[in-house]
Each structure stands twice: as structure tokens, then as C-alpha cells.
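Residue numbering for the sequence shown follows the UniProt record's numbering, starting at 1 and increasing by one per position. For glycine and all other residues, C-beta sits at the position ideal for the given N, C-alpha and C. Report on one structure; see the data block that follows.
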Amino acid sequence: MKFLRVPGHRKALPAEVAIMMIMQKKFIIPEILQLPEWFEEPDRYILILERPASCDRRSQLRRSARGYVKKITGTEPYLPIEVFISNRYRGKPATVWSLGMLLFRLLHGRFPFAFELHNMYDASWSDREFSDELCRLMRYSLQFKDKKRIKVKNMHKHDWFQMLS
């Protein structure tokens, strides 16, 4: 891994972090990812990125005007099922899937088993430890067909969040 020195920092930073920091100070371009924060861990670096607003208006991420992204990267258990089946990635439904997986993992301490995901698809999954509203939110988030998932913009309106307020 390459490291670069950045004015105002005592030690050299990972090249990717350094370049993003330098670019953000010199230019504000709304179409470029922003790096609001990053963390150094013993075995890795974690970059917190803000996606450009222009990506919000796209239903598919594009590599160029000629085609779709050819390589999708991410933490595999959080990637939506359609990535593995049809090598397709739609930003907002993928975000919903990832949030559903995160919620399941936070509550159960593990990722869902295949049979649990199958039961979520046909709406028969529930867990006695959690409210019906919470189980429904997880089912709506982890739907096999991305068009059947709850919309990102509607998540905060779900019954489970209303119970909390």
C-alpha cells in the first residue's frame, strides 16, 4: 500500500485517503465522492464516503456512458441477492437489503440462514422475541425481488419506527 504526506498531518496517510483529502480542500465537485471521515484499524482502513447527489437520481450505477459497472465490490453478506443471481446492482434496493441484513445481524448476532431468507420471501418468517412490526420490517427489507422491497424513502414511515417515537 502506498502512503503520502499531507500538510497538516503528522504521519503519512494511505494514498487513497490522502488524495481524497487534498482534492476536497482544493475543489468542490458535487459529482465526486466525499470522504467525511475515515478510521485506521490494525488490519484495515475504513472509509466513510458520501455518494454524490447525482447518484441518487440513477436507478443503475454506471461505469461510463457505454455500460454498467463490471465489478461490484462490497462486504459479501450484505450484498443483495440479485448481485449473485443476475450480476445486477440497483443502488436504493441494494441499500434496503443491506440495512435489512444489518438489522437481522444486530438482533440475532448472525446472518440469516437460507431457510430464514426463503421464509421472508413468502412472508412466513417471524421471531417470537421481536414485535410483529420489527419482523415485518425485516421481511420487507429482505425480499428476493428488489422491486418488492420497502422503498428507502419510506423506511422511516414503517410501523416499527412509529412505535419508537
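With residue i and residue j assumed to form a contact (beta carbons below 8 Å), what rounded beta-carbon distance in angstroms separates them?
| i | j | result |
| --- | --- | --- |
| residue 167 | R149 | As shown, the chain starts at 1 and ends at 165. That puts residue 167 outside it, with no answer to give. |
| R105 | A123 | At roughly 21 Å, the Cβ-Cβ gap does not stay under 8 Å, so R105 and A123 are not in contact. |
| M101 | E133 | Wrong, their Cβ atoms sit about 19 Å apart, outside the cutoff. |
| S141 | V96 | 5 Å |
| E50 | Q34 | 4 Å |
| P77 | F111 | 5 Å |
Please state the DSSP three-state secondary structure of residue i.
| i | result |
| --- | --- |
| W125 | coil |
| G91 | helix |
| F27 | coil |
| R105 | helix |
| F111 | coil |
| I19 | helix |
| R149 | coil |
| G100 | helix |
Spatial neighbours of residue i within its chain, please: CB distance less than 8 Å, with the 5 preceding and 5 following residues excluded, ordered by chain position.
| i | result |
| --- | --- |
| W38 | V17, Y45, I46, L47, I48 |
| K147 | P93 |
| G67 | Residue confidence is low: G67 scores 49 on pLDDT, short of 50, so the model does not pin down where it sits. No coordinate-derived value is stated. |
Can you tell me where the beta strand (DSSP E) with residue i in it begins and where it stops?
| i | result |
| --- | --- |
| R44 | 44-50 |
| Q34 | 34-41 |
Would you list the one or two residues that DSSP bridges to residue i?
| i | result |
| --- | --- |
| P14 | F3 |
Would you mind reading off the limits of the alpha helix (DSSP H) that contains residue i?
| i | result |
| --- | --- |
| M163 | 159-164 |
| M138 | 132-141 |
| E82 | 81-86 |
Which residues in the same chain as residue i place their Cβ atom closer than 6 Å to its Cβ, once the five residues preceding and following it in sequence are excluded?
| i | result |
| --- | --- |
| Y121 | F144 |
| M21 | V6 |
To which residues of the same chain is residue i closer than 7 Å at the C-beta, ignoring the five residues directly before and after it?
| i | result |
| --- | --- |
| P14 | M1, F3, Y45 |
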